[in-house]
DNA sequence: TCAGCCACTTGACTTTTGTTAAGAAAAAAA
DNA sequence: TTTTTTTCTTAACAAAAGTCAAGTGGCTGA
């Protein structure tokens, strides 16, 4: 059972990008489930078909890929409130190209892939909702790539410090370094320099 | 008027990702127009609302942003056959975040934003078609970002040499360097080293 | 509580990439 | 063709980031 405060929080956040009607609310209440994830838990694995769309109520999660050299590359760090999934693979029921892992204890609302079809069929209109989501994904990725290509490692760290300080204070340095496209030692050096 | 060979070529390419019916074909024939773009022509400007969805029949185009320092960053180089536009901005009728420019002479089939609505309404189903497009965009960007974050400049160049050699042989080095996230001098050095 | 582990830091050194400036080559214009 | 302009290359140096290796400190679990 979803507690009312969490559910209201969820609906309010959703309303910001998609106008929720009473039907949608009821459907979500039926099909979403509350789920707690202890810290440092691998939640979805690269190569396996994702089961859920997840809405992070609280806590920090990361998305990462393992590249050809066997090295983990963190591609996203998130502490919600928002959805987080290997979205494309989830929709297509394909093996995920990315893994999801909790960094801290996390509280989620999640919905099964199959139940998403029901919700979209009976209530929430796929088109504006999905388009909105995809649009956000693409714009974030554009911004991220642009920064990776044009800013120095130090500038990227400063940007993160300014825009998402909560990430820096709650997430292990190695993940932040990886997300910013540098080695942990480099990040450490940059931090030392800035503290001086 | 669109010549038949070009139009068949276009329809065949489209059929690979979206099953075209006779109605769709007729609609496209009505609403798409043939357009030639001389080389080195700025076609759509960052800040202005994009007018067309463009299908590149032949030729090389690039998409670029101008960042805060006034520096142009090439984010995509393409020689079709495929669509190329500031897609999100086109759909939302928002000012483009990117500019489009021809590198060589280009042959396009293009359709006005308003006519897209008609085609989608009367024929081609928005959902599978658009989803397919967006999915491709997201996956390309994921791959691109991952490579930018994990590969060295030399490895990125070698990868491009292997995967899209036609780009390397037809596009000015400065654009390739920018796309690969490095300075022209660095690319030049890498090329020299590889030729030795 | 203590030992062991893991994440983070530090330092010395190497490699890669950026910067600046100049020259060569290629393309465009006259 | 010749001139002019642009693009590309080269070299020397500076700065940034990676690598390797060692050390520190905190967290965790027996």
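Chains as they are written, first to last, in the numbering used here: chain A, 17 to 212; chain B, 17 to 212.
All C-beta atoms in this analysis are idealised placements derived from N, C-alpha and C, irrespective of residue type, glycine included.
Predicted model, so just to flag it, every value in this text is computed and none were measured.
For the beta strand (DSSP E) containing residue i, name the first residue and the last one.
i              : result
residue 175(A) : Note, residue 175(A): premise wrong, no beta strand (DSSP E); alpha helix (DSSP H) at 169-179.
residue 211(A) : Not the beta strand (DSSP E): residue 211(A) falls in the alpha helix (DSSP H), residues 200-211.
residue 91(B)  : 88-94
residue 192(B) : No beta strand (DSSP E) contains residue 192(B), which is instead part of the alpha helix (DSSP H) from 189-195.
residue 17(B)  : No beta strand (DSSP E) holds residue 17(B); DSSP gives it neither H nor E.
residue 100(B) : 98-100
residue 77(A)  : 77-82
residue 72(A)  : 68-74
Against chain A, with Cβ distances strictly below 8 Å, would residue i count as a contact?
i              : result
residue 104(B) : yes
residue 100(B) : no
residue 130(B) : no
residue 154(B) : yes
What residue range is occupied by the uninterrupted alpha helix (DSSP H) comprising residue i?
i             : result
residue 41(B) : 38-47
residue 20(B) : 20-33
residue 85(B) : Per DSSP, residue 85(B) belongs to no alpha helix (DSSP H) and is neither H nor E.
Report the neighbours of residue i on chain B: residues whose CB is nearer than 8 Å to its CB, in chain order.
i              : result
residue 203(A) : Neighbours of residue 203(A) on chain B: none; closest Cβ ~14 Å, over 8 Å.
residue 7(A)   : Because chain A here runs from 17 to 212, residue 7(A) falls outside it and cannot be looked at.
Answer yes or no: does any C-beta atom of chain B fall closer than 8 Å to that of residue i?
i              : result
residue 166(A) : yes
residue 197(A) : yes
residue 143(A) : yes
residue 116(A) : no
Cβ closer than 8 Å: which chain A residues qualify as neighbours of residue i?
i             : result
residue 83(B) : 162, 166
List, in chain order, every chain B residue whose beta-carbon is nearer than 9 Å to that of residue i.
i              : result
residue 151(A) : 104, 107, 108, 150
The ligand FMN and residue i: does the residue's C-beta get closer than 7 Å to at least one heavy atom of that ligand?
i              : result
residue 102(A) : As far as ligands go, the structure on display features none, and thus does not contain the ligand FMN.
List the DSSP bridge partners of residue i.
i              : result
residue 59(B)  : None, per the DSSP bridge assignment.
residue 117(A) : 58(A), 78(A)
residue 103(A) : DSSP, once it has assigned bridges, lists no residue as partnering residue 103(A).
residue 126(A) : 49(A), 70(A)
Checklist entry - Whole alpha helix (DSSP H) runs in the region 129-159 of chain A with 4 or more residues, listed along the chain? => result 129-138
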